[in-house]
Amino acid sequence: MKFLIAIGSKKYSGPTLEVGMRVANAFNAEVTIVYVGEKISAFSTSEVLMAQENLRNWKLDRQGVDVLEWAFDFLVQNEYVSLDSSADGFNVEKLVQTDDDRCEIFLEGIKTQEVGLILRNGDIIQQLREEVKRGQFDVTIIGGSQKRRTSHDLIQYIDSSIFVVKNYQPDRQYKMLLAVNDAPNTRKAVKYGVRVAQAFDLYTTAVTVSSTADFRGNYKKASAWADKFLRRSGVENEIRLEHGKFIETLSTIAGDNHIIVMGSSTKSPLVKFFTGSKPIKVMEDCKCPVLIVKE
Amino acid sequence: MLGFSHSFYSNFLFWITRKRWLIFTFVISLLLFYIPSPTTLTPEGHRTLIIVVIALILIIGEVIPLPAVAILILILEVIFGIDTPNGVAASFMSDAVFFIMGSLMLAVAIVSQGLDKRLALGIIRMTGNKTWRIVFGFVAISAILSSFIGEHTVAAMMLPVALTLIRNTSKDQKTVHRLAMLLLFSIAYGCAMGSIGTPSGGGRNVIMIGYISEFELGNISYLKWMKYAYPMLILEIPLAVIILWSTFRPEQTILDSAVRKLKVDVTKTGKMTGNQILAIAIFIAVFFGWVFLSPVLGLGIIALIGVFLYLSFGLIEWKDINRNTNWGVIILFGAAISLGIQMKETGAAEWVANLAITGLGSVVQNVDVLHWFISVFLTGVLTNFLSNAATVAVLGPIILDLGGNPIILGISASIASAFSYLTIVASPTCMIIHSSGLVKSSDYLKAGWKLFVMSLLVLFIISRFYWVLLS
């Protein structure tokens, strides 16, 4: 599997990197960490690149390299990369410009298969979308954004599962909340959820929410399957059947101390664009980390 | 739905959301196309103005690559029947485009010589370790150098000097944030101010000279331009230092250890190499060529001779020039100049100029000062959102048709296009200092608006009281 972790700054991206690497470790995944800097005007691309090349002659780093270096130090301290890669510290000379707005460096991983560091410039959604397409990533991990539109765009346009590390507090005791229904992506979501629960040793609640008091047969079947799968995987869990509005119910149960895992919507992208979807609303309204699993 | 996959819809919606300005442009151009031409405007002029609107929206929005905008301009000029294919091709390539191409290549050649360390040593020797003197040195050197070799070349060479001083002062950049802004803006604004000094300071100066000559309004030589513009540059240097100092009062007023460390770093590079001496000699030859031979050979051809010499003497490799030259910008400026010429030839420029004068009412019509102010203010504002050369290429023909002394209006507008103090996208120098990560977009307004007002006032005084003496 391949995971992409998007970081923004040293100040705010610590939890994202920490959670992202632990989850990637649980999946034994190949990890790439990407920093997306601000867009460079097309009028100035060559001039900025020339100035940045000149900085190298002075042994000065371009913007974003310090964030990658901080991420590198995190990987070394937590033994995610091998000593060979870390022996000389972060070597900016190994950063290879692959495109006008992209450069990368690869490190040999210990716990994970391989770790890549990418520096990009431009619109965050467009850059992540291109990176996911280029690297065929299965999961994209990113910190929570203040902009509601970002949640929508992430789910709508990024072609991978999305894990938004929202309001994550390292010292808080988290539980897992699995949203289970009869949608096709639920089984994959439960499987992902189990891996995360095992990695973090999380108590798991699998909740099925129906809008009426009468639960459809398929809902009950899905809930029973999730219960069986969780027990077989050795994850301590409880099964809940709730009726009410989906978003409110999930938000109330989750509070701020759960990691929500749910499947993506199977609605047409056109319908999702105009009317939204449950995962988009969950990501916007809930105050905790959310993993949306796509097909 | 309709048999298309989710992936297709997702890609389609992404394209729509990212290209909404392109769609808006298409709708606006259709609307404008079907609006009947005003009686005072020729159909060709009407269509030319539609292309201007399309180009402006696409350039400001950056929704499609710049070369694509350029190609679209050329295609529409032919499809709309504004000119023949050969006519469009002829207007696309001019000495001004040669100059922009040559100066961008010269910039790559000069930056790659490693002369920036000599420059750093020179500045530090002159200024010593007092911060205000260093700031003065940064503004003055950036301004004077960029008046000859182009602003982004100087910014690229000065940036590492400033960043080294900042790093040497404190490892924790938060503790020297105001110092960082002071030094970086000294470079960006110094370069912007300097670019007005000579025609070779910026492509827009050459574009304006080209328009004035093409429209048979007069001839401006290299030295004549300097006589007009250089005094303003000199006046602006101390004023800019005062504005920058009062806006970003630095945490440290003496950079003793930072300067010492910089001196140690720089002196390690040893004596000047033969290639560096040759590179400087070639540039001095190019400068004298611009001064004495440009009436015969043109500024562009002389710049290209310089590039030829750098390549022939092996001072730079073609692959480096090819990699670091912004070809898209060159093509765009060629197309923008072609559009400017078509605006003049179809009468579109005159129509817009008359519309502006009529719109201002009878009070304003006979007041040259207000014509001057409008052209300068409009150019100054637009240059902060558009490239300064593109601003002059599009607005130039209109401004020259406003009435009054075309030389004064033309040079004023060209100088105003250097007032790119307010935004990151205003010029490559602003983008270069922003790429350091030490200045935010909101920081540009802090001192930028003061410099904008100061520059307007200085230009007004110079053009009213000094240029009159010259003419």
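Heads up: the protein sequence lines correspond to chains A and B, in order.
Just so we're aligned: the first sequence equals residues 330 to 624 in this note's numbering.
Just so we're aligned: the second sequence equals residues 23 to 493 in this note's numbering.
Backbone N, C-alpha and C define an ideal beta-carbon position, used for all residues, glycine too.
No experiment lies behind these values; they were computed from the predicted model shown.
Between the alpha carbons of VAL622 (chain A) and ILE229 (chain B) lies a distance of about 56 Å. In chain order, VAL509, ALA551, GLY592 place their CB closer than 7 Å to the CB of THR515 (chain A), counting only its own chain and leaving out the 5 sequence neighbours on each side.
In the three-state scheme derived from DSSP, where H, G and I count as helix and E and B as strand, VAL461 (chain B) is classed as coil. Here the C-alpha atom of GLY459 (chain B) lies approximately 14 Å from the C-alpha atom of ASP194 (chain B).
With contacts defined as CB atoms closer than 8 Å, PHE270 (chain B) and MET203 (chain B) qualify as a contacting pair. Counting of Cβ neighbours within 10 angstroms places MET505 (chain A) among the buried residues, the total reaching 16 or more. Nearest Cα to TYR497 (chain A) within the set A:LEU333, A:SER606, A:VAL525, A:ASN586: A:ASN586. Comparing alpha-carbon positions, the option among A:GLU382, A:PHE356, A:ILE362, A:LYS601 lying closest to LEU436 (chain A) turns out to be A:ILE362. Shown here for TYR252 (chain B): same chain residues with a beta carbon closer than 8 Å to its own, the five before and five after excluded, namely SER169, GLY219, THR220 in chain order. Taking a Cβ-Cβ cut-off of 8 Å, LEU300 (chain B) has no neighbours in chain A, whose nearest Cβ is about 19 Å from it.
Excluding its 5 nearest sequence neighbours in each direction, CYS432 (chain A) has C-beta neighbours in its own chain below 7 Å: LEU424, VAL425, GLN426, LEU448, listed in chain order. In the DSSP assignment, ALA353 (chain A) falls within the alpha helix (DSSP H) that extends over 343-355. Straight through space, the alpha carbons of TYR486 (chain A) and ALA325 (chain B) are spaced by roughly 47 Å.
Secondary-structure assignment with DSSP links ALA535 (chain A) through a beta bridge to A:LEU507, A:ILE568. The C-alpha of ASN427 (chain B) lies about 24 Å from the C-alpha of PHE474 (chain B).
Here DSSP, grouped into helix, strand and coil, assigns ARG545 (chain A) to coil.
Cβ atoms of LYS462 (chain A) and LYS616 (chain A) stay farther apart than 8 Å, at about 31 Å. The C-alpha of ASN420 (chain A) is placed about 54 Å away from the C-alpha of ILE483 (chain B). Contact annotation for ILE362 (chain A) against chain B: no contact, minimum CB-CB distance about 18 Å [criterion: below 9 Å]. With a cut-off of 8 Å on Cβ pairs, the segment 588-602 of chain A is not in contact with the segment 548-564 of chain A, counting fewer than three such pairs. Assignment of SER562 (chain A) by DSSP, reduced to helix, strand and coil, places it in the coil class.
The beta carbon of LEU559 (chain A) is closer than 7 Å to those of VAL523, THR533, ALA535, ASN566 in its chain, skipping five residues each way along the sequence.
When beta bridges are read from the DSSP output, HIS587 (chain A) appears opposite A:LYS504. For the segment 26-52 of chain B, the set of positions with a beta-carbon nearer than 7 Å to some beta-carbon of chain A reads HIS28, TYR31, SER32, LEU35, PHE36, ARG40 in chain order. Burial check for ASN547 (chain A): the Cβ neighbour count within 10 Å stays below 16, so the residue is exposed. Membership of GLU460 (chain A) in the alpha helix (DSSP H) is indicated by the continuous run 453-464.
GLU382 (chain A) carries a helical assignment under DSSP once its states are collapsed to helix, strand and coil. Contact annotation: SER222 (chain B) and LEU321 (chain B) have beta-carbon atoms nearer than 8 Å.
Straight across, the Cα-Cα distance linking GLY103 (chain B) with ALA111 (chain B) is about 14 Å.
Taking 8 Å as the CB threshold, GLU84 (chain B) lines the interface with chain A.
Between ILE471 (chain A) and VAL525 (chain A), the beta carbon gap of about 16 Å keeps them out of contact (Cβ cut-off 8 Å).
Here DSSP, grouped into helix, strand and coil, assigns ILE276 (chain B) to strand. By the Cβ test, the segment 448-467 of chain B is not in contact with the segment 251-266 of chain B, since fewer than three Cβ pairs between them sit closer than 8 Å. Shown here for ALA178 (chain B): same chain residues with a beta carbon closer than 6 Å to its own, the five before and five after excluded, namely VAL133 in chain order. ALA415 (chain B) is not a Cβ neighbour of PHE114 (chain B), given a cutoff of 8 Å. Closer than 8 Å to the CB of HIS68 (chain B) there is not a single CB belonging to chain A.
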